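*Asks:*
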Amino acid sequence: MKTWLPTSTAGSLPKPSWLAQPETLWSPWKLSSEELLAGKRDALRLSLDDQLRAGIDIVSDGEQTRQHFVTTFIEHLSGVDFAKREIVKIRNRYEASVPTVVGAVERQKPVFVEDARYLRQLTKSADQMGASGPDDHDRHAV
Numbered sequence: 001m002k003t004w005l006p007t008s009t010a011g012s013l014p015k016p017s018w019l020a021q022p023e024t025l026w027s028p029w030k031l032s033s034e035e036l037l038a039g040k041r042d043a044l045r046l047s048l049d050d051q052l053r054a055g056i057d058i059v060s061d062g063e064q065t066r067q068h069f070v071t072t073f074i075e076h077l078s079g080v081d082f083a084k085r086e087i088v089k090i091r092n093r094y095e096a097s098v099p100t101v102v103g104a105v106e107r108q109k110p111v112f113v114e115d116a117r118y119l120r121q122l123t124k125s126a127d128q129m130g131a132s133g134p135d136d137h138d139r140h141a142v
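Under the UniProt record's numbering, the residue at position 53 of the sequence shown is numbered 53, and the numbers go up by one with no gaps.
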């Protein structure tokens, strides 16, 4: 039977407390190195299992492998200095310490490809991954 209105999620799902502090924006990872990579993959798998048990038709990675939806993408761009930060107000709701653009901004290599491959390897369901765009980047770097 065809699903007339497929269900999905939008945005990040809670990360396990052993990976990052829950409900904390830009929470630092609690693991490092190879343990962090394995922990992110475990969290992605657990998030996927939760979505499938809930009957979600189009599953996502739940942003389990990213500290933040936007800045994790920006970390992969040249021309952005994360050591030189400024405080800005984002969406008129909260202040954040954001990196500074110091030169030409370029993406040197694909971003999140391995995470997408891993998600696809885990499920036969339709899947999606969130992607931040220029409007998001503009608010999260100065």
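C-beta atoms are modelled at their ideal positions from N, C-alpha and C, and glycine is treated no differently.
It should be emphasised that the depicted structure is a prediction, and the values quoted were computed from it without experimental measurement.
#1: Please list the terminal residues of the continuous alpha helix (DSSP H) segment that includes S60.
#2: Could you round the C-beta distance between T100 and K89 to whole angstroms and report it? I think they count as a contact, below 8 Å.
#3: Taking only beta-carbon positions, decide if Y118 is within less than 8 Å of chain B.
#4: Three or more C-beta pairs under 8 Å: does that hold for the stretch 108-127 against the stretch 48-63?
#5: What is the DSSP secondary structure of E106, counted as helix, strand or coil?
#6: What residues match up with Y94 in a beta bridge as DSSP calls it?
#7: Alpha carbon to alpha carbon, what distance is there between W4 and F82?
#8: For L25, tell me which candidate among Q128, L13, D127, V102 has the shortest Cα-Cα distance.
#9: With respect to the beta strand (DSSP E) encompassing residue 166, which residues constitute its N-terminal and C-terminal limits?
#10: Would you kindly check if the distance between the Cβ of T123 and the Cβ of L77 is under 8 Å?
#11: Which of helix, strand or coil does DSSP assign to L5?
*Replies:* Inspection of the coordinates gives the following:
#1: Counting from one through the sequence shown, the residue named residue 60 turns up at place 60. Taken as a continuous stretch (DSSP letters only), S60 belongs to no alpha helix (DSSP H), being part of the beta strand (DSSP E) at 58-60.
#2: Numbered from its first residue, the sequence shown carries residue 100 at position 100. Numbered from its first residue, the sequence shown carries residue 89 at position 89. In fact, because the Cβ distance is near 16 Å, the residues do not count as touching under 8 Å.
#3: Of the chains in the structure shown, none is chain B; there is only one protein chain.
#4: yes
#5: Stepping through the sequence shown from its first residue, residue 106 is reached at position 106. Residue state, collapsed to three classes: strand.
#6: Start at 1 with the first residue of the sequence shown, and residue 94 comes out as number 94. Y94 is bridged to I90.
#7: What you label residue 82 is simply residue 82 of the sequence shown in a count that begins at 1. What you label residue 4 is simply residue 4 of the sequence shown in a count that begins at 1. The straight-line gap from Cα to Cα measures roughly 45 Å.
#8: Locating residue 25 in the sequence shown gives position 25, counting from the first residue. Comparing Cα positions, the closest option is L13.
#9: A query on residue 166 cannot be resolved here, the shown segment of the chain reaching from 1 to 142 and no further.
#10: As a first step, residue 77 is located in the sequence shown; it is residue number 77 there, counting from the start. As a first step, residue 123 is located in the sequence shown; it is residue number 123 there, counting from the start. Taking 8 Å as the Cβ cut-off, L77 and T123 do not qualify as a contacting pair.
#11: Stepping through the sequence shown from its first residue, residue 5 is reached at position 5. If DSSP states are grouped into helix, strand and coil, L5 belongs with coil.
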